[in-house]
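Working notes for the structure below.
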Amino acid sequence: MINVSTVPAFNDNYLWMVQGRVAGNAAVVDPGDAQPILDWLHSNKQELTSILVTHHHADHIGGVAKLKETYPKATIYAPDDPRIKQKDVVLESEQLISLADLGLEFKVLMVPGHTSHHIAYFGHGSLFCGDTMFASGCGRVFCGTMRDLNNSLQKLSKLPEETLVYCAHEYTLSNIAFAREVDASNTDLEQREIDDTQKRANDIPTVPTTIGLEKLTNPFVRVDDALIIASAQNKVGKELAEQWQVFETLRLWKDGAL
Ligand code: ZN
Ligand code: FE
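In my numbering, the protein residues as written are 1 to 258.
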């Protein structure tokens, strides 16, 4: 049993609180800021026992030091990235981690692309993927490569369709606006725009999403779809023979770099 709570931070970040079978204990995923987490722990009378980090960006690790200072027994799990200074357990690919204080287990997935050392945590029907996959979009390519991020999204898309995807930002409506441009005749996407616009109008998060919904409405996942390939080829005016080139075209297009 897993229970996940949303803690909004900054403009559009979501920090995730995770509870399991052990009452009174909680983990946090990607604490970019400490104060909202401390407030949540206090008002929910929970002890912080684990800190899970997906990548080194400040909006994901900015609160780690303060949380560790406040909860010295909390274990920090992180990828093998020298830019993440504070870590207790360095994670490797496909490693299973057992959070005994919560009664939960997660599999570590290597998902480079947004950064070179980005990881995701998968378990109990839930995926915490940081800035890799977003609702109807994906992260930008900073210190990873286009090929990497394409491979990582394809890897995540193979997870069970009902998997809840806890990504780290509320970028959904702007992602959908771009997706509609690329994938104009997609009726699932059209419906999603209606549903998610309604949610945002009521200040409801559009995250978590599911792998199944992303396979239907996320152009960065749907890079094998004939209409998306056609859109990308049309944009650059040449044939794109490889899947990753379609992905790269979409990413540059969304970045305004084409
Ligand atoms: Zn990031
Ligand atoms: Fe981020």
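Every residue, glycine too, gets a C-beta built ideally from N, C-alpha and C.
As the structure is a computational prediction, the values presented were derived from the model and not from experiment.
| Item | Value |
| --- | --- |
| Could you tell me the alpha carbon to alpha carbon distance between I97 and L52, rounded to whole angstroms? | 11 angstroms |
| In terms of alpha-carbon separation, which member of L48, V182, I84 and L104 lies closest to S136? | V182 |
| If contacts are defined as beta-carbon pairs under 8 angstroms, then S152 and G123 qualify, I think. What distance do you get, rounded to the angstrom? | The Cβ separation is near 18 angstroms, so there is no contact. |
| Can you tell me where the beta strand (DSSP E) with L250 in it begins and where it stops? | Careful: L250 lies outside any beta strand (DSSP E), inside the alpha helix (DSSP H) at Q243 to K254. |
| Quick check: what's the CA-CA separation for Y71 versus T49? | 8 angstroms |
| Are L102 and R222 touching if we call contact CB-CB under 8 angstroms? | no |
| Is the region 8-20 in contact with the region 159-174, if contact means three or more CB pairs nearer than 8 angstroms? | yes |
| Alpha carbon to alpha carbon, how far is E47 from L262? Give it in angstroms, no decimals. | Nothing in the structure corresponds to residue 262, since the chain is present only between 1 and 258. |
| What residue from F142, S126, I176 and N234 has the CA that sits closest to T163's CA? | S126 |
| So the alpha helix (DSSP H) E193 belongs to, where does it begin and stop? | T187 to A201 |
| Could you check where the alpha helix (DSSP H) with Q35 kicks off and where it finishes? | Q35 to S43 |
| Do M133 and E214 have their C-beta atoms closer together than 8 angstroms? | yes |
| One question on the structure: do V111 and Q86 come within less than 8 angstroms of each other, judged by their Cβ atoms? | no |
| With A27 and L99 assumed to form a contact (beta carbons below 8 angstroms), what rounded beta-carbon distance in angstroms separates them? | 6 angstroms |
| Pick helix, strand or coil for H60, following the three-state DSSP scheme. | helix |
| Measure from the alpha carbon of L149 to the alpha carbon of each residue in I228, L38, H118 and K158, then state which is nearest. | H118 |
| Please indicate yes or no: does the CB of D33 lie closer than 7 angstroms to some heavy atom of the ligand FE? | no |
| Helix, strand or coil for F178, going by three-state DSSP, please let me know. | helix |
| Please report the Cβ distance between A260 and L91, rounded to the nearest whole angstrom; I am assuming they are in contact, meaning their Cβ atoms lie under 8 angstroms. | What is shown of the chain runs 1 to 258, which leaves residue 260 out entirely. |
| Which class does E105 belong to by DSSP, given the choice of helix, strand or coil? | strand |
| If I follow the unbroken beta strand (DSSP E) through N13, where does it start and stop? | N13 to Q19 |
| With a CB to CB cut of under 6 angstroms and the five nearest residues on each side skipped, what residues in its chain are close to D81? | H56 and H117 |
| Residues bridged to T115 by DSSP? | BP columns for T115 are empty, so no partner. |
| How would you write the range of the beta strand (DSSP E) that E214 sits in, first residue to last? | Per DSSP, E214 belongs to no beta strand (DSSP E); it is in the alpha helix (DSSP H), I211 to T217. |
| Considering only heavy atoms of the ligand ZN, does any lie closer than 7 angstroms to the CB of D196? | no |
| Please list the terminal residues of the continuous alpha helix (DSSP H) segment that includes L149. | M146 to S157 |
| DSSP three-state call for E92: helix, strand or coil? | coil |
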